[in-house]
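**Student:** Pasting in a structure now, in structure tokens, and then I'll have a few things to ask.
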Amino acid sequence: MNRKRDPILFLFLLTAVALLVTAPPKATADTGSPATVRDILRHTQARYHAMSAYTADFTQWTTSVAASSITTEARGIFYFQKPNRMRWEYTEPDRQVFVTVGDVAWLYLPEEKQVSLFDAQQMRRSPIMRTLLEGTFDLSDTFHVSLDTKASTDEMAVLTLRPRAEDPNVQSLRLWIQRQDYRVWQMEVRDALGNVNRIRLTHHREMPSLPADLFQLSVDPQTLVIDPAGRPLQPAEISALQRAISK
17 MNRKRDPILF LFLLTAVALL VTAPPKATAD TGSPATVRDI LRHTQARYHA
67 MSAYTADFTQ WTTSVAASSI TTEARGIFYF QKPNRMRWEY TEPDRQVFVT
117 VGDVAWLYLP EEKQVSLFDA QQMRRSPIMR TLLEGTFDLS DTFHVSLDTK
167 ASTDEMAVLT LRPRAEDPNV QSLRLWIQRQ DYRVWQMEVR DALGNVNRIR
217 LTHHREMPSL PADLFQLSVD PQTLVIDPAG RPLQPAEISA LQRAISK
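Right, dumping it as structure tokens:
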């Protein structure tokens with residue numbers, strides 16, 4: 017039986033990726049070792065800002081308070097294409113595909129022949145999410161950023177970002193950054209309820225572009241497409257949505 021991904025925590029992780037890929041390298045920090053943190057963020061954002069497209073293998077650990085704090089593990093491949101196109105293709109333990117294109121996001125469950133649509137704009141109701149998604153920000157305006165000196169090593173810098181304003185979707189965000197090449201090796205988001213979503217990225221591959229069909233909503237007539245309110249879409253509505261996504 018498929019275990020569906022938590023859209024709020026997951027979309028925040030998508031936003032964290034978008035933060036690094038789309039933001040100009042001008043971030044500053046205000047706690048810990050300011051110069052060190054500032055340099056790490058600047059070099060990391062500069063690296064990802066220069067990319068047009070890339071893929072990486074990922075491992076995801078999700079700990080849910082509602083499920084008695086049981087931690088589940090999943091694996092797959094991550095794809096990113098500018099502007100604002102991301103695809104998380106799960107291969108283990110169940111095949112699932114989570115795609116975002118602009119303000120549209122969907123989860124495809126092949127075994128159940130079902131697509132669930134999510135309104136990524138719901139994240140904009142959160143000041144933190146809105147700031148990150150719009151891509152015009154200084155990290156120090158939104159987060160207290162510090163270097164975790166106990167967790168960091170000569171090879172890995174661990175940054176902790178805590179929101180300045182209370183937000184139910186995120187209590188803290190942690191980034192593990194390789195000092196040698198400023199790649200993000202791991203990221204973790206914890207919400208106000210204590211749920212934790214952690215993703216590790218390996219085998220990064222940069223490229224000029226990715227196939228466009230990775231970010232298209234392609235479904236057969238037998239697949240049920242459900243909107244964010246839980247209403248099944250009619251064929252004409254699905255076609256209209258596919259055209260909008262393709263623009």
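Counting in my numbering, the sequence shown runs from 17 upward without gaps.
Where is the CB? At the ideal position from N, CA and C, for every residue including glycine.
All values reported here derive from a predicted model rather than from experimental measurement.
1) Is any heavy atom of the ligand MN found at a distance shorter than 8 Å from the C-beta of Asp170?
2) State the Cα-Cα distance for the pair Ile242 and Leu123, rounded to the nearest angstrom.
3) State the CB to CB distance for the pair Leu257 and Leu230, rounded to an integer number of angstroms; the pair is presumed to be in contact (CB under 8 Å).
4) Taking the alpha-carbon positions, what's the Gly246 to Phe159 distance?
5) Quick check on the DSSP output: the alpha helix (DSSP H) that includes Arg216 runs from which residue to which?
6) Counting Cβ pairs, one atom from each stretch, are 3 or more of them under 8 Å apart for the region 67-84 and the region 211-218?
7) Is there at least one Cβ from chain B nearer than 9 Å to Asp229's Cβ?
8) Which ranges would you report for the beta strand (DSSP E) in the region 93-119 if only whole runs of at least 3 residues count?
9) Determine contact between the region 181-188 and the region 55-72, defined as no fewer than three beta-carbon pairs at a distance below 8 Å.
10) From the DSSP secondary-structure annotation, give me the bridge partner or partners of Arg178.
11) With distance defined between alpha-carbon atoms, name the residue in Ile93, Gly92 and Ile193 nearest to Asp170.
12) Do you know how far the Cα of Ala260 is from the Cα of His265?
13) Just verifying my parser: in three-state terms, what is the DSSP assignment at Pro227?
14) Would you kindly report the start and end of the unbroken alpha helix (DSSP H) that includes Ala260?
15) For Val81, count neighbouring C-beta atoms within 10 Å of its own C-beta (all shown protein chains included) and say buried if the count is 16 or more, exposed if not.
16) Can you grab the Cα-Cα spacing for the pair Arg178 / Leu125, in whole Å?
17) Let me confirm a value: Met203 is counted as buried when at least 16 other C-beta atoms fall within 10 Å, else exposed. Which label applies?
18) Helix, strand or coil for Ala173 per DSSP?
19) Taking 9 Å as the cut-off, decide whether the C-beta atoms of Ser85 and Gly210 are in contact.
20) How would you label Thr47, buried or exposed, when you count the other beta carbons within 10 angstroms and need 16 or more for buried?
21) On the CB-based measure, 16 or more other CB atoms within 10 Å of its CB, does Met223 come out buried or exposed?
**Tutor:** Let me spell this out:
1) This structure lacks the ligand MN; in fact it carries no ligand of any kind.
2) Along the sequence shown, one-based indexing puts residue 242 at 226. Along the sequence shown, one-based indexing puts residue 123 at 107. Each residue's Cα considered, the two are about 10 Å apart.
3) By 1-based counting over the sequence shown, the position of residue 257 is 241. By 1-based counting over the sequence shown, the position of residue 230 is 214. Incorrect: roughly 17 Å between the Cβ atoms, too far for contact.
4) Here residue 246 refers to the residue found at position 230 of the sequence shown. Here residue 159 refers to the residue found at position 143 of the sequence shown. Approximately 34 Å, taken between the alpha carbons.
5) Numbered from its first residue, the sequence shown carries residue 216 at position 200. No alpha helix (DSSP H) contains Arg216, which is instead part of the beta strand (DSSP E) from Val212 to Met223.
6) yes
7) Reference to chain B is not applicable here, since this structure consists of a single protein chain.
8) 101-108 and 112-117
9) no
10) Looking up residue 178 in the sequence shown gives position 162. DSSP output for Arg178 lists His160 as bridge partner(s).
11) In the sequence shown, the residue the question calls residue 170 occupies position 154. Taking only the C-alpha atoms, the option nearest Asp170 is Ile193.
12) Outside the shown range of the chain, which is 17 to 263, sits residue 265, and nothing can be said about it.
13) Translated into positions along the sequence shown, residue 227 becomes position 211. Reduced to three states, the DSSP call for Pro227 is coil.
14) Within the sequence shown, numbered from 1, the residue matching residue 260 stands at position 244. Run containing Ala260: Pro251 to Ser262, per the alpha helix (DSSP H) assignment.
15) Working through the sequence shown from its first residue, we reach residue 81 at position 65. Its Cβ having fewer than 16 others within 10 Å, Val81 is exposed.
16) Position 162 of the sequence shown, counted from the start, is the residue given in the question as residue 178. Position 109 of the sequence shown, counted from the start, is the residue given in the question as residue 125. Between Arg178 and Leu125, the C-alpha separation is close to 33 Å.
17) Along the sequence shown, read from residue 1 onward, the residue named residue 203 stands at position 187. Its Cβ being crowded by 16 or more others within 10 Å, Met203 is buried.
18) Counted from its first residue, the sequence shown places residue 173 at position 157. In this structure, Ala173 counts as strand in the three-state DSSP scheme.
19) As a position in the sequence shown, residue 85 is number 69, starting the count at 1. As a position in the sequence shown, residue 210 is number 194, starting the count at 1. Yes, they are a contact pair.
20) Counted from its first residue, the sequence shown places residue 47 at position 31. Residue confidence for Thr47 is low, a pLDDT of 49 falling below 50, so the modelled location carries little weight; the figure read from the coordinates is stated next. Exposed, because fewer than 16 other Cβ atoms sit within 10 Å of the Cβ of Thr47.
21) As a working mapping, residue 223 is identified with position 207 in the sequence shown. So Met223 ends up on the exposed side.
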